[in-house]
Amino acid sequence: RGVDLGGPPDAPVLAAADATVVFAGTVVTRQVVSLSHANGLRTAYEPVKPLVTRGQRVARGTPIGTLRPGHGGCPTPCLHWGAHRTLTSHLRHYLDPLDLLRTTRVRLLPLDQSQPRANTQPDFRTHGFTHPRLPVARTVEGRVAAGGRGKPENPAGREARTAGRRRRRKAKAAERQGSRKARQSTGKATEDSAQPEQ
């Protein structure tokens, strides 16, 4: 979950936005730095030799570590960069961290309003995470893909899954009914054989 960005060994790794360091150390065999940003957002960087410590405040662009070789997904040194928003203690919404690099926002306005000026200032709180409200567009909520961005669920796919579940339930019910009838007929045969002949 995240992106792999190639780079030379010992290249500086910078904080994507103002944050507090929540972890800087080794996880199993990987060196990791994890940052907590505004609105429950977190970014993680690995493999990175930390230049920061837990609890330290960092500003956007601050070097937080240096790139180390050894990420399993790359034949050459690369940074694995991930981002997520914590929704509950057991649920995370994984995001595309490249959205953090966007410097403009798109807004749809009614035709009778003048065109807004482009916002060229990065705003970490909104880019890629809490998209601005679109006054003339209808939002569609869907399941979140494991790799990052939320995608609307296909209604046809949902109907097919529901139909499949119904078929499986019916098959199990028929199987249980068949087993019950078989047990009843076996029990009846046993009763019949146990009665003395007259």
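Just add 152 to the spot in the sequence shown (first one is 1) and you have our numbering. Cβ atoms here follow ideal geometry from the backbone N, Cα and C, with glycine treated the same way. Just so it is clear, the structure is predicted and the values come from calculations on it, not from any experiment.
Query                                                                                                           : Result
8 Å contact criterion, which His223 and Pro199 should meet: CB distance rounded                                 : 6 Å
Extent of the continuous beta strand (DSSP E) run through Ala176                                                : 171-179
Which residues DSSP lists as bridging Lys142, in chain order                                                    : Within the shown structure, residues of the chain are numbered from 153 to 350, placing residue 142 beyond reach of any answer.
Residue environment, Thr195, which counts as buried when at least 16 other CB atoms sit within 10 Å             : buried
Reference Arg182, options Arg220, Ala167, Pro164, closest by Cα                                                 : Arg220
First through last residue of the beta strand (DSSP E) which encompasses Leu166                                 : 164-166
Three-state class that DSSP yields for Ser337 in the structure shown                                            : helix
Member of Gln336, Ala190, Val204 whose CA lies at the smallest distance from the CA of Pro164                   : Val204
Per-residue burial, Ala171 [other beta carbons within 10 Å of its own, 16 or more giving buried]                : buried
Host beta strand (DSSP E) of Cys230 (start-end)                                                                 : 230-240
Ile216 versus Gly154 - alpha carbon distance                                                                    : 18 Å
Leu252 versus Ala190 - alpha carbon distance                                                                    : 13 Å
Under the three-state DSSP convention, the category Gln208 falls into                                           : coil
Per-residue DSSP class, three states only, for Gly154                                                           : coil
CB contact flag (Leu193, Ala235, <8 Å)                                                                          : yes
Same chain only: Cβ atoms within 7 Å of Val176, ignoring 5 sequence neighbours per side                         : The question names Val, yet the displayed sequence has Ala at residue 176. The residues are Val185, Pro202, Val204, Thr205, Arg206.
Own chain partners of Thr178 with C-beta closer than 8 Å, once the 5 adjacent residues on each side are dropped : Val184
CB contact flag (Arg209, Ala168, <8 Å)                                                                          : no
Distance, Leu187 Cα to Ala326 Cα                                                                                : 54 Å
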